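Below is one structure; the comments refer to it alone.
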Amino acid sequence: MPKLLVITNTRAGSARDDAVETALGVLRAGGDVEIADLDPDALPAVLARHPGHRPVVLGGDGSVHLLAATALAAGLLDRPPFAFGLVPLGTGNDLARTLGLPLDPARAAQVVLDGRQRDLDVLTDDAGGVVVNAVHLGVGAEAGRRAVPLKPRLGRLAYPVGSAVAGASARGWRLRVTVDGDVVAGGDRRALMVALGNGVTIGGGAPVTPSAEPDDGRVDVVVSFSTRWRARLAFAAALVRGRHPERHDVVEARGHTVTVEGGPVPLNADGELSELAGARTWTVRQHALSVTVPA
38 MPKLLVITNT RAGSARDDAV ETALGVLRAG GDVEIADLDP DALPAVLARH PGHRPVVLGG
98 DGSVHLLAAT ALAAGLLDRP PFAFGLVPLG TGNDLARTLG LPLDPARAAQ VVLDGRQRDL
158 DVLTDDAGGV VVNAVHLGVG AEAGRRAVPL KPRLGRLAYP VGSAVAGASA RGWRLRVTVD
218 GDVVAGGDRR ALMVALGNGV TIGGGAPVTP SAEPDDGRVD VVVSFSTRWR ARLAFAAALV
278 RGRHPERHDV VEARGHTVTV EGGPVPLNAD GELSELAGAR TWTVRQHALS VTVPA
């Protein structure tokens, strides 16, 4: 039987408790299960105590982000790939969507037991951070900030509502973006959004980088200059369908190293909200992770 270290938030609400118990029932039937709390302070020691167990995250993109950040800090990504499983129990579950994982907890848990391993890239930055699914700056990150207080009541609808509010007021930011040394945005025009996608979607299914492949050693970059109010509305409508790269005021690129300069501007990395003021560089670390996906 496989040895599994199940990592979950033991302080979640009753609805999530039901999903956790469903997943645990499947995992216990087919594996030797140890359970650990999703505690950023305790997680490094937990991983060190269970070197022979495969971590299994019961959570969303933020939970995977925390596991990857812990593995990076512990040097576990220096000996890639770092293998883990995922039962998507978050609000958006965007990484799971890119990977084709079931969103049903029982089916996803069965994939952990019966699936195959797929290599997965990550982005690391010069501030010591890591990104597994996507990092985006500008109106999308502002939408995420506005969605936080709405999540308990609206769930997945919180991000679209936050997007509407943020989009109505955004004027754009002057940002310089370079991809492998080539200038994609010079900072002379205001950008509505800059997105770096290892995965395809953000916000629970919006295909911000529709051509992204999470294991190809490159990150997809999208820059939108749609700052006028009509253009903002049209960009939002196109984004939902993954058609925004066809717009004349949107630029696409793909590369290994991306630098963004400017700000202050809201920043969202795998759902973790912060702010960029100055410059930051992200670099692809190919096949740093390995995740269990449907066979």
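Just so you know, we're using our numbering here: the sequence shown kicks off at 38 and counts up by one.
In this text, a Cβ means the ideal position worked out from N, Cα and C, and glycines have one as well.
These figures come from a predicted structure and were not determined experimentally.
Buried versus exposed call for residue i [16 or more other C-beta atoms within 10 Å across all chains shown]
i, result
"V220", "exposed"
"G315", "exposed"
"E283", "exposed"
"L140", "exposed"
"E312", "exposed"
"P77", "exposed"
"R134", "buried"
"W210", "buried"
"M38", "exposed"
"D131", "buried"
"A274", "exposed"
"P142", "buried"
"G181", "buried"
"H173", "buried"
"D55", "exposed"
"G218", "exposed"
DSSP-derived helix/strand/coil call for residue i
i, result
"E309", "strand"
"G122", "strand"
"S327", "strand"
"V245", "coil"
"A332", "coil"
"R322", "strand"
"E250", "coil"
"R211", "strand"
"T128", "coil"
"H87", "coil"
"A79", "coil"
"L138", "coil"
"A60", "helix"
"V377", "This structure does not reach residue 377, given that the chain is present from 38 up to 332, and the question cannot be answered."
"A111", "coil"
"L192", "Strictly speaking, residue 192 in this sequence is Gly, with Leu absent from that position. If DSSP states are grouped into helix, strand and coil, G192 belongs with the helices."
"G50", "At G50, the pLDDT of 47 sits below 50, so the modelled position is not reliable and the matter cannot be decided from this model."
"R284", "coil"
Residue i: first and last residue of the uninterrupted beta strand (DSSP E) it sits in
i, result
"D115", "Premise fails: D115 is in no beta strand (DSSP E) and is neither H nor E."
"G96", "R91 to G96"
"V221", "D219 to A228"
Sequence-distant residues of the same chain with beta carbon closer than 6 Å to residue i, five excluded per side
i, result
"V149", "V93, G122 and T329"
"T107", "L80 and P81"
"A171", "G234, G236 and I239"
"L109", "V167"
"T215", "T296"
"A146", "A60, V63, L64 and V124"
Contacts around residue i, its chain only, beta-carbon distance under 7 Å, and the 5 residues preceding and following it disregarded
i, result
"D151", "A332"
"D158", "N235, P251, D252, G254, V321, R322, Q323, H324 and A325"
"L113", "F119"
"R208", "R227 and T264"
"G96", "T45, N46, L75, L126 and G127"
"G137", "V330 and P331"
Sheet register partners of residue i (DSSP bridge)
i, result
"T264", "Beta-bridge pairing links T264 to no other residue."
"T294", "T320"
"T45", "D74 and L95"
"Q154", "T329"
"H173", "A232 and N305"
"D163", "BP columns for D163 are empty, so no partner."
"E289", "V259"
"D69", "K40"
"V216", "D219 and V295"
"V168", "L160"
"G315", "G299"
Chain-order list of residues whose beta-carbon lies under 8 Å from that of residue i (same chain, five-residue window excluded)
i, result
"K40", "G68, D69, E71, H87, G89, H90 and R91"
"A164", "R317"
"P247", "V237, G279 and P282"
"L276", "A243, P244 and V245"
Segment limits, alpha helix (DSSP H) that includes residue i
i, result
"A178", "V176 to A184"
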